[in-house]
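Notes for the one structure printed next.
Chains as they are written, first to last, in the numbering used here: chain A, 51 to 291; chain B, 51 to 291.
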């Protein structure tokens, strides 16, 4: 049982709030029973951390800690009963529909998009180099464990689009010039859908790779939707095709 | 020009971060040029606060402050050039489609929903007493000025549903038992759509008032969508009717 917040292990767990340390160790922290369950299924748990008095899952060794220690390492106001240090997820080859996130900055948006991608059967997400880190605690929290069910890779978007022009129907978004997804013939191809940055929308220089641009019809007083909402509505429409 | 963060006015502006003070004064703070523009159109600006060297809108008096003061009163990491103290919005009679928010806790979700409501032409939002305060700085920020274009009222949900059973088609949400909105005959009635709390979904005791329950079809690995996303998808489907 670890009782001191000055313990070396505790200091290292705490450092997992920091991207640099996560990258250096190729690990990240998940909090809550639900997430730990998903991570155990995926066999990526390296270390289980359990609060005193709580019953840990069978057949797994764990480190017990006091409430005070759990509070110290948790990113939440109400600390969880259980958390785990996990190995970062493997990046696999991109096959099937793919969502491209163009410099998305808000961790809540990216978490929401990961959750919706699984809900609507999109198996891949490609993030630009400038997008938020998917192992950011807020991303992990807001994707509700769905991060384990989608193949997420970080790539240079220009290179990705240029090398996939033949195998994908590449689609961007444009609030004004776009047309409706439901009226578009997808030609039986897999779709590569680009979601633009929260502030500036899609990088205009990606347009030359786009076979078509989509919009979501809306009242003119509203300039745009939240990025997580527009991505989700387009993925939802895609499942109807 | 106010140069000291200890000035009485600055102390009062800072207190607007706090719900109790907002309620007592019936005012709230908005930050950014875009929001101030919208508030000026609505004629609810009581006090304009402008950073030194910045050109304020014509024909309006303003208080100039230093960067340090602006940083002190702002809720953002990068403080704005202009902000304003505004009179709280008037609650009007509910007429036309209405969205009912059942104890929504996350300010980002509520802001997103307000933004989508305007985008999809829903003129009213009724919040339960336990829902987050709409004048919370994070709600204001995430609704992108759309708070000025929707009639938001705070009510007891049971009373509201009970007294509107005849004039509304009351619809709830249920991830399992629900049916599709697009397959539902709305009978030419205005719709009252209830969106459930982030953790527990819709309060089950509202079901007796619901003529129908909706669901959004999704992969079984995903238990539910983000509340802002599900509300937005249902409002989006409603506009197609």
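Backbone N, C-alpha and C define an ideal beta-carbon position, used for all residues, glycine too.
Note that the structure is a prediction, hence the values are computed from the model and not measured.
Whether residue i touches residue j by CB criterion (8 Å)
i, j, result
"residue 124/A", "residue 58/A", "no"
"residue 131/A", "residue 83/A", "yes"
"residue 187/A", "residue 67/A", "yes"
"residue 256/B", "residue 271/A", "no"
"residue 228/A", "residue 177/A", "no"
"residue 212/B", "residue 285/B", "no"
"residue 269/B", "residue 169/A", "yes"
"residue 260/A", "residue 221/A", "yes"
"residue 292/A", "residue 179/A", "Here chain A comprises residues numbered 51 to 291, so residue 292/A is not present and cannot be evaluated."
"residue 77/B", "residue 136/B", "yes"
"residue 181/A", "residue 230/A", "no"
"residue 258/A", "residue 183/A", "no"
"residue 266/A", "residue 283/B", "no"
Any C-beta of chain B under 8 Å from that of residue i
i, result
"residue 169/A", "yes"
"residue 252/A", "no"
"residue 223/A", "no"
"residue 288/A", "no"
"residue 203/A", "no"
"residue 124/A", "no"
"residue 276/A", "yes"
"residue 158/A", "yes"
Between the CA atoms of residue j and residue i - distance to the nearest angstrom
i, j, result
"residue 138/B", "residue 249/A", "27 Å"
"residue 240/A", "residue 203/A", "17 Å"
"residue 165/A", "residue 279/A", "12 Å"
"residue 190/A", "residue 94/A", "15 Å"
"residue 105/B", "residue 65/B", "26 Å"
"residue 153/B", "residue 217/A", "46 Å"
"residue 196/B", "residue 92/B", "12 Å"
"residue 128/A", "residue 121/A", "8 Å"
"residue 215/A", "residue 89/B", "46 Å"
"residue 223/A", "residue 232/A", "14 Å"
"residue 242/B", "residue 242/A", "36 Å"
"residue 253/B", "residue 161/B", "21 Å"
"residue 275/A", "residue 146/A", "26 Å"
"residue 111/B", "residue 210/B", "42 Å"
Sequence-distant residues of its chain with Cβ nearer than 7 Å to residue i (five each side left out)
i, result
"residue 171/B", "289"
"residue 236/A", "219, 291"
"residue 234/A", "262"
"residue 126/B", "81"
Residues near residue i by beta carbon distance below 6 Å, same chain, minus five either side
i, result
"residue 174/A", "144, 148, 201"
"residue 281/B", "163, 245"
"residue 71/B", "65"
Residues sharing a beta bridge with residue i, DSSP
i, result
"residue 229/B", "264/B"
"residue 81/B", "133/B"
"residue 204/A", "177/A"
"residue 193/A", "Paired residue(s): none; residue 193/A is not in a bridge."
"residue 220/B", "242/B"
"residue 150/B", "176/B, 244/B"
"residue 100/A", "114/A, 132/A"
"residue 161/A", "For residue 161/A, which the question treats as bridged, DSSP gives no partner whatsoever."
"residue 251/A", "247/A"
Neighbourhood of residue i by C-beta distance below 8 Å, restricted to the same chain and skipping five residues each side
i, result
"residue 86/B", "80, 95, 98, 107, 132, 133, 134"
"residue 52/A", "59, 60, 113, 114, 115, 116, 119"
"residue 277/A", "154, 156, 159, 163, 245, 246, 247, 248"
"residue 273/A", "225"
Check: residue i C-beta below 7 Å from any heavy atom of the ligand ZN
i, result
"residue 229/B", "The ligand ZN is not part of the structure shown, which contains no ligands of any sort."
Chain A contact for residue i (CB, 8 Å cutoff)
i, result
"residue 99/B", "no"
"residue 246/B", "no"
"residue 165/B", "yes"
"residue 189/B", "no"
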